[in-house]
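Protein chains in written order, with the numbering used here: chain A, 159 to 371; chain B, 2 to 315.
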Amino acid sequence: MALTVAIPKGRLGDQAIKMFKSLNIGEIIDEKSRKLIFEDTEKNIKFMLLKNSDVITYVENGIVDIGISGKDMIMEEEADIFELYKMNIGKCKMSVAGIKGRKIFQEDAILKVATKFPNIAKKYFETKGQKIKVIKLNGSIELAPILGLCDVIVDLVETGNTLKANGLEIFDDMYSINAMIISNKVSYKFKRKEIKELIELIRREDEKYDKDN
Amino acid sequence: MNFLKIEDEINFSQTLYKLKREIENFLHNEGYMNIEPSIFEGYDEFTDVNFRIDKKSTVKVFDNSGEILILSPDITTGIINKFMTRWELGLILKIFYYGKTYMFSNGIKEKRQMGVELIGEKNENTDESVLNTALKIINKYTDDYLIEIGNSKFLKGLIEACLFNKVDYDNVLNLIYVKNKQALKEYLEKLPYREPISTLLNILDLEGNFDEINRSLNGLYMNDLMKEGLRELYNIDEFFKNVTNKITYDLSMVSELSYYDGIIFRGYINGINKEIIKGGRYDSFTEQFRFNVPAIGFSIELDELMKYLYKGVI
């Protein structure tokens, strides 16, 4: 029974593939090709390259056994999956940011929050007792406060350069984010040994990244 | 593209009918009696006894006096509600049912279930005999299955000994539920150290083969309730280890329903993404009705079993 692994396309996926390849796993994967499925017949693992936000959906529905996904997506989707291993790649923060120097909001009872992550935003502000209105956006979140669409944004921050370039600053750091290896719950029961072995291999490789960064 | 035709629907229905009949006959031969569960339950009555049920997801209806009723989200709770208020001591009930449960989840979700309850009997092999019944049912339809068994006493004994407050309790349980070992470790390390935490740090490794679990527990903290839970699993392992290799154990098993009290088990078929069988012992559930009646049971998710069995019109 082959193990199926979902890898997100993009930078996180590229790092993960590099990790697999240095373990001599998935050498057949060609990121430049248009193919989306690669089978390592020797190691009996099938890789699928998916859009990063779809990895969780495929894992939760049991189409693939395990996948690599950002903690941000896992928190947002609230999917019924196992979070088996936190990796040292894909590190960043989920933060609240807004126009530099305009951190204090006292006039308006309802804070307007623009984000790609409505569930995370709702949950976070609920714990703070702050009423909000969520405005769901799909990209260029940094523009929203400048153009007056919202008071603050909730977004992933890696270096903070994009924020700075747009005259924004971080008001609060909410959560630290990492890439995680997630697993389908039923697959985990039937392929526990294979899954644990693979994670153990990755863990050894992954720990090197902790030192690199 | 061909969409569902009447013929397909009838054919599906026939297959389901045969499946139901087969399981009913089997359970009848095992000495279980049929009852017909009620679809309607009183909202207050139901949520009072089963406080873990997600109230928002229950499907509410009103009767003509404005009383709120719900369409049953859990048949066992309904059965217990119905029988416990007029229970007679010494009674032993071996019953099975076919019914539907209702929940909101993107609209109203209807699930077909069959189930077994054994109420009023508890001797040294009651757990084993009910488990065996579940095993026989799933075994009728496939070889590619697993039964996973846990014991709520173990985790309960452990968590209670940690003396968590409500927030820590919920967070810890949630991390166990998603098997996030690193986050659990980070979280526990921030809390004041207590001896039971040594076992809790290892809880996610206490899964698989029973002997291995037992070995991993060597030297770790255990209290009486945890030992009792472990002993019950040991007895089950002794009973089944030479009979089948389809049983695995998971001491970190967390149940969505609050009423389990003792062994909990789930049956899976390889390739089917949901549990096929769910069950466990729920003695403490009956205590709310002033009687201390032992009870154990399980349900079979017919829709999921059909996904595995039904291959369409041939």
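From the three backbone atoms N, C-alpha and C, an ideal C-beta is built for every residue, glycine too.
For Ala255/A, count neighbouring C-beta atoms within 10 Å of its own C-beta (all shown protein chains included) and say buried if the count is 16 or more, exposed if not. The Cβ neighbour count for Ala255/A, taken over all protein chains shown within 10 Å, is at least 16; the residue is labelled buried.
Span separating the alpha-carbon of Gly108/B from that of Thr59/B: Inter-residue distance for Gly108/B and Thr59/B is about 11 Å (C-alpha atoms, whole angstroms).
List, in chain order, every chain A residue whose beta-carbon is nearer than 8 Å to that of Val179/B. Those are Ile239, Phe240 and Glu241, listed as they occur along chain A.
Ordered list of alpha helix (DSSP H) runs contained in the segment 213-267 of chain B, each at least 4 residues: As far as the segment 213-267 of chain B is concerned, its whole alpha helix (DSSP H) runs of at least 4 residues are 225-241.
At the 8 Å Cβ level, is Gly209/B part of the contact set with chain A, yes or no? Gly209/B counts as touching chain A.
Please report the residue range of the beta strand (DSSP E) in which Thr200/B lies. Counting along the chain, no beta strand (DSSP E) covers Thr200/B; the unbroken alpha helix (DSSP H) around it starts and ends at Ile198 to Leu201.
Count the CB pairs spanning the segment 326-337 of chain A and the segment 202-213 of chain A that are closer than 8 Å, and state whether there are at least three. No: fewer than three Cβ pairs fall under 8 Å.
Output, in chain order, the set of chain A residues within a Cβ distance shorter than 8 Å of Gln15/B. Simply none; closest approach about 27 Å.
Within 8 Å, do at least three Cβ pairs link the segment 306-319 of chain A to the segment 172-186 of chain A? No contact exists between the segment 172-186 of chain A and the segment 306-319 of chain A.
Ignore the nearest five residues each way along the sequence and tell me which others in Ser256/B's own chain have a CB closer than 6 Å to its CB. Setting aside the 5 residues that flank it on each side, Ser256/B is surrounded in the same chain by Ile265, each with a C-beta closer than 6 Å to its C-beta; the list follows chain order.
So who's on the other strand from Gly280/B, going by DSSP bridges? Per DSSP, the beta-bridge partners of Gly280/B are Phe266/B and Phe299/B.
What residues in the segment 148-163 of chain B bring their beta carbon closer than 7 Å to a beta carbon of chain A? Within the segment 148-163 of chain B, the qualifying residues are Glu149.
In angstroms with no decimal places, state the Cα-to-Cα distance between Ile315/B and Glu10/B. Caution applies to Ile315/B, whose pLDDT of 47 falls short of 50 and renders its modelled position unreliable; the model cannot decide the point.
In angstroms, rounded to a whole number, what distance separates the CA positions of Glu197/A and Val163/A? Roughly 10 Å between the two C-alpha positions.
For Gly43/B, three-class secondary structure by DSSP: Judged by DSSP in its simplified three-state form, Gly43/B adopts strand.
Quick one: measure Cβ to Cβ for Lys95/B and Leu132/B, integer angstroms, because I've assumed they're closer than 8 Å. Not confirmed; about 15 Å, so no contact.
Going straight from the alpha carbon of Ser300/B to that of Ser191/A, what length do you get? Roughly 48 Å separates the two Cα atoms.
Contacts of Lys347/A in chain B (Cβ-Cβ under 8 Å): By Cβ distance, chain B contributes Leu147, Glu149, Thr249 and Tyr269.
Along chain B, which residues have their Cβ under 7 Å away from the Cβ of Gly220/A? For Gly220/A, the C-beta contacts it makes with chain B under 7 Å involve Asn274, in order along the chain.
Taking the Cβ atom as the reference point for each residue, do Leu231/B and Gly151/B lie within a distance shorter than 8 Å? With a cutoff of 8 Å on beta-carbon distance, Leu231/B and Gly151/B are scored as not near each other.
Kindly identify the DSSP beta-bridge partner or partners of Met104/B. Lys110/B, per the DSSP bridge assignment.
With burial defined as no fewer than 16 other Cβ atoms inside 10 Å of the residue's Cβ, what is the status of Thr77/B: buried or exposed? Label assigned to Thr77/B: buried.
Quick check on DSSP: helix, strand or coil for Tyr394/A? Given a span of 159 to 371 for chain A in the structure shown, any question on residue 394/A remains unanswerable.
Determine the chain A residues that contact Ala184/B at a beta-carbon separation under 9 Å, and present them in chain order. Listed by position along chain A, the residues whose Cβ is nearer than 9 Å to that of Ala184/B are Glu241 and Lys244.
Candidates Cys163/B, Glu89/B, Leu90/B and Ile80/B: which alpha carbon is nearest Gly100/B's? Just measuring C-alpha positions, the residue of Cys163/B, Glu89/B, Leu90/B and Ile80/B sitting nearest Gly100/B is Ile80/B.
Helix, strand or coil, according to DSSP, for Ile209/A in the structure here? First, the residue type needs correcting, since residue 209/A is Lys and not Ile in the sequence shown. DSSP places Lys209/A in coil when its eight states are reduced to three.
Under 9 Å by beta carbon: chain B residues contacting Arg350/A: Per Cβ cutoff of 9 Å: Glu208, Gly209 and Thr249.
Could you name the residues of the same chain whose beta carbon sits closer than 8 Å to that of Phe13/B, not counting the 5 residues immediately before and after it, in chain order? Cβ contact annotation for Phe13/B (same chain, cutoff 8 Å, sequence separation greater than five): Met307 and Tyr311, in chain order.
For Ile315/B, the three-state DSSP class (helix, strand or coil): Annotation note: pLDDT 47 at Ile315/B (below 50); position unreliable, no value reported.
For Gly256/A, three-class secondary structure by DSSP: DSSP places Gly256/A in strand when its eight states are reduced to three.
For chain B, check one thing: does any of its Cβ atoms lie closer than 8 Å to the Cβ of Val213/A? No - not a single Cβ of chain B is within 8 Å of the one on Val213/A.
Hey, quick one: how far does the alpha helix (DSSP H) through Met332/A stretch, first residue to last? Secondary structure note for Met332/A: it is in no alpha helix (DSSP H), and the uninterrupted beta strand (DSSP E) holding it is Leu326 to Ile335.
To the nearest angstrom, report how far apart Leu156/B and Met227/B are at their CA atoms. Going from the Cα of Leu156/B to the Cα of Met227/B covers about 7 Å.
Pick out whichever of Asp262/B, Glu302/B, Asp75/B and Asp45/B has its Cα sitting closest to the Cα of Glu68/B. In terms of CA proximity to Glu68/B, Asp45/B leads the group Asp262/B, Glu302/B, Asp75/B and Asp45/B.
Straight-line gap, Glu208/B to Ala323/A (C-alpha atoms, nearest Å): Those two C-alpha atoms are separated by around 50 Å.
Measuring straight from C-alpha to C-alpha, what distance separates Phe286/B and Glu122/B? Answer to the nearest angstrom: the Cα atoms are 15 Å apart.
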